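Chemist: Just so it is clear: in the sequence shown, position 132 is 131 by numbering that gives the first Met the number 0, and no numbers are missing. Just dropping this structure here.
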Amino acid sequence: MDFSPIMSYIENTLRKEKNLPGCDIKIMRGHETLLRYNSGVRDYDGTQAIRNDDIYLMYSCTKPMTCAAAMQLIEQGLIGLDDPVSKYLPDFKNAFLIENGKTIPPKNTMTIRHLFTMSAGLNYRRDTQPIRDVIDANPHAGTLEIINALVRSPLEFEPGTRFLYSMCHDVLAAVVEVATGMRFSEYLRQNIWDPLGMKDIGFRLPEKQKHRLVALYECDGTPHYDPFSSPREFNLTDCYESGGAGLYSTVDDYSLFADAMACGGVGITGKQILKPETIDLMRSEQLKNYTMDSRFSCAAGPGYGYGLGVRTLIDKSEGQRSSLGEFGWDGAAGSYVMIDPKYNLSIFFAMHVRRWHHLIGFGHVPLRDLTYEILGL
């Protein structure tokens with residue numbers, strides 16, 4: 000198979016035309032690597048080439064893994080999709096709204112399903128006074144302690160009435176901790192990372208691995224990038240583990256997860272992390288019964304709805320090449336995962352420029368469509 004069209008797109012469009020410093024892609028089908036290609040530089044000086052073992056911040060590509068972990072617990076009956084969140088996090092019984100200047104309890108019960116679908120009424124503010132108070136009192140506050148502070152601020156809307164991109168998946172990670180009695184990272188290690196052979200992934204980059212982290216940039220709206228540095232941006236303390244945006248990983252490691260999800264939950268190691276029917280549920284449209292919030296966005300382009308924590312393709316009327324039910328997500332620095340169980344196909348693409356999608360729009364779509372074209376699918 001000739002993957003030169005993808006390499007040409009990376010070199011001519013992303014690198015040359017858009018001045019992207021560097022990127023890395025891996026395409027797998029049925030546990031076989033079809034393409035591994037990287038281009039560009041990994042340091043601010045522009046002297047070191049991208050390497051296969053480079054590490055990237057996953058940002059919101061953390062979310063599909065958090066949701067997969069929670070789906071494992073649903074398979075096992077440890078949590079239920081329509082259980083109240085307060086069953087696991089009792090402080091959430093105190094959730095409230097502000098209406099006409101008055102504090103009122105929500106009419107709808109916030110459920111685990113609402114966390115998956117980001118329809119719980121939460122927002123993505125990580126600087127609220129209750130959160131600041133917790134961190135000021137304990138700079139080493141953990142996930143549960145900080146998550147409980149979320150409901151000391153008002154909800155944005157009645158749970159289950161609309162979508163709002165929010166900290167729902169951070170809350171879902173806290174639910175996993177309570178349901179299993181394990182720290183979230185340890186649960187992931189025992190039930191996803193180790194079974195799939197993933198070794199370069201986590202919430203805290205060890206000192207000995209920091210030299211492998213690719214230089215991170217911020218895009219200012221033109222093909223120009225400035226160095227970006229924001230410690231604890233999502234992992235709010237040294238003990239907080241953000242289920243929504245906290246992971247780092249290599250392309251090779253994350254691709255092992257994507258490949259397993261594309262192959263009925265079975266990894267390259269032969270270990271199964273999810274049942275095929277659970278993956279099917281995860282990628283089934285969940286928000287069709289009410290209007291999608293206008294702030295819903297997805298860097299994979301049009302035609303997508305929202306499943307249990309993942310975008311899912313529900314409409315191919317604009318010529319999308321992937322299968323209905325193809326699913327995945329993207330991250331704030333440009334990472335992108337696409338998973339297609341129909342063809343056991345996965346794509347994982349990594350780069351390290353925040354706000355990149357404001358510059359070149361839906362730039363991941365050609366990677367998706369060129370892959371299907373090359374494979375004749």
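The beta-carbon is built from N, C-alpha and C at its ideal position, and this holds for glycine as well. Since the structure is predicted, the reported quantities are computational estimates derived from the model, not experimental observations.
Have a look at His363, Ala349, Ser254 and Arg353 and flag the residue whose alpha-carbon is nearest the alpha-carbon of Asn343.
Modeler: Ser254
Chemist: Just to confirm my understanding: we take Ala140, look at its own chain, exclude 5 residues before and 5 after, and list those with CB closer than 7 Å. What are they?
Modeler: Answer for Ala140: Val133, Ile134, Thr236, Cys238 and Tyr239, listed in chain order.
Chemist: For Ala94, count neighbouring C-beta atoms within 10 Å of its own C-beta (all shown protein chains included) and say buried if the count is 16 or more, exposed if not.
Modeler: buried
Chemist: Buried or exposed: Thr142, going by 16 or more other Cβ atoms within 10 Å of its Cβ?
Modeler: buried
Chemist: Based on DSSP bridge pairs, tell me the residues matched to Asn343.
Modeler: Paired residues: none, contrary to the question.
Chemist: What is the DSSP secondary structure of Leu312, counted as helix, strand or coil?
Modeler: strand
Chemist: So, is Gly243 buried or exposed, given that buried needs 16 or more other C-beta atoms within 10 angstroms?
Modeler: buried
Chemist: By the three-class DSSP mapping on this structure, what secondary structure does Cys262 have?
Modeler: Coil.
Chemist: Using the DSSP secondary-structure output, state which residues sit across from Met181 in a beta bridge.
Modeler: Paired residue(s): none; Met181 is not in a bridge.
Chemist: Which ranges would you report for the beta strand (DSSP E) in the region 149 to 213 if only whole runs of at least 3 residues count?
Modeler: none
Chemist: Which whole runs of the alpha helix (DSSP H) in the region 102 to 156 are 4 residues long or more, in chain order?
Modeler: 111 to 115, 128 to 136 and 142 to 148
Chemist: Please check the pair Leu56 and Tyr247, which I expect to be a contact at CB under 8 Å, by giving their CB distance rounded to whole angstroms.
Modeler: 5 Å
Chemist: Do you know offhand how far Ile24's Cα is from Asn37's?
Modeler: 6 Å
Chemist: Considering only the beta carbon of each residue, do Leu114 and Val170 sit closer than 8 Å?
Modeler: yes
Chemist: For Ala257, collect the residues of the same chain with a Cβ closer than 6 Å to its Cβ; drop the 5 residues on either side in sequence, then sort them by chain order.
Modeler: Val336, Ile338, Ser345 and Phe347
Chemist: What are the boundary residues of the alpha helix (DSSP H) that Lys25 is part of?
Modeler: Careful: Lys25 lies outside any alpha helix (DSSP H), inside the beta strand (DSSP E) at Gly21 to Arg28.
Chemist: Tell me, to the nearest whole angstrom, how far the beta carbon of Lys274 is from that of Glu74; I am working on the premise that it is less than 8 Å.
Modeler: 6 Å
Chemist: Tell me whether Thr290 sits in a helix, a strand or coil according to DSSP, three-state version.
Modeler: Any reading at Thr290 is ruled out, since the residue's pLDDT is 49, under 50, leaving its predicted position unreliable.
Chemist: Identify whether Ile272 lies in helix, strand or coil by the three-state DSSP scheme.
Modeler: coil
Chemist: Across the region 164 to 180 and the region 202 to 217, are there enough close Cβ pairs to call them in contact, namely three or more that are closer than 8 Å?
Modeler: no
Chemist: Is there contact between the region 303 to 312 and the region 322 to 332, where contact requires at least three CB pairs shorter than 8 Å?
Modeler: With a cut-off of 8 Å, the region 322 to 332 and the region 303 to 312 count as touching, because enough Cβ pairs lie within range.
Chemist: Which residues in the same chain have their Cβ closer than 6 Å to the Cβ of Thr290, if we skip the five residues on either side of it in sequence?
Modeler: Residue confidence for Thr290 is low, a pLDDT of 49 falling below 50, so the modelled location carries little weight and cannot support an answer.
Chemist: Per the contact definition of three or more C-beta pairs closer than 8 Å, is the region 182 to 194 in contact with the region 2 to 15?
Modeler: At 8 Å Cβ cutoff, the stretches do not touch.
Chemist: Going by CA-CA distance only, name the one from Arg41, Met117, Arg151 and Ala68 that's closest to Pro89.
Modeler: Arg151
Chemist: Check for me: the beta strand (DSSP E) holding Asp329 runs from which residue to which?
Modeler: For Asp329, the uninterrupted beta strand (DSSP E) run begins and ends at Phe326 to Asp329, by DSSP.
Chemist: Going by DSSP, name the residue or residues bridged to Ala349.
Modeler: In the DSSP output, where bridge partners are listed per residue, Ala349 has Asp23.
Chemist: Would you say the region 159 to 174 touches the region 258 to 273, given that touching needs at least three Cβ pairs under 8 Å?
Modeler: no
Chemist: Alpha carbon to alpha carbon, how far is Asn18 from Tyr224?
Modeler: 9 Å
Chemist: Which first and last residues belong to the beta strand (DSSP E) in which Thr377 is found?
Modeler: What the structure shows of the chain is the stretch from 0 to 376, and residue 377 is not part of that stretch, so it cannot be assessed.
Chemist: For the beta strand (DSSP E) that Leu34 lies in, which residues bound it at each end?
Modeler: Glu31 to Gly39
Chemist: Whole angstroms are fine: how far does the CA of Glu155 sit from the CA of Glu144?
Modeler: 21 Å
Chemist: State yes or no: is the C-beta of Val250 within less than 8 Å of the C-beta of Ala332?
Modeler: Contact: no.
Chemist: Measure the alpha-carbon distance for Arg124 versus Leu96 and round it to whole angstroms.
Modeler: 16 Å
Chemist: Pick out whichever of Thr311, Gly120 and Gly266 has its Cα sitting closest to the Cα of Gln285.
Modeler: Thr311
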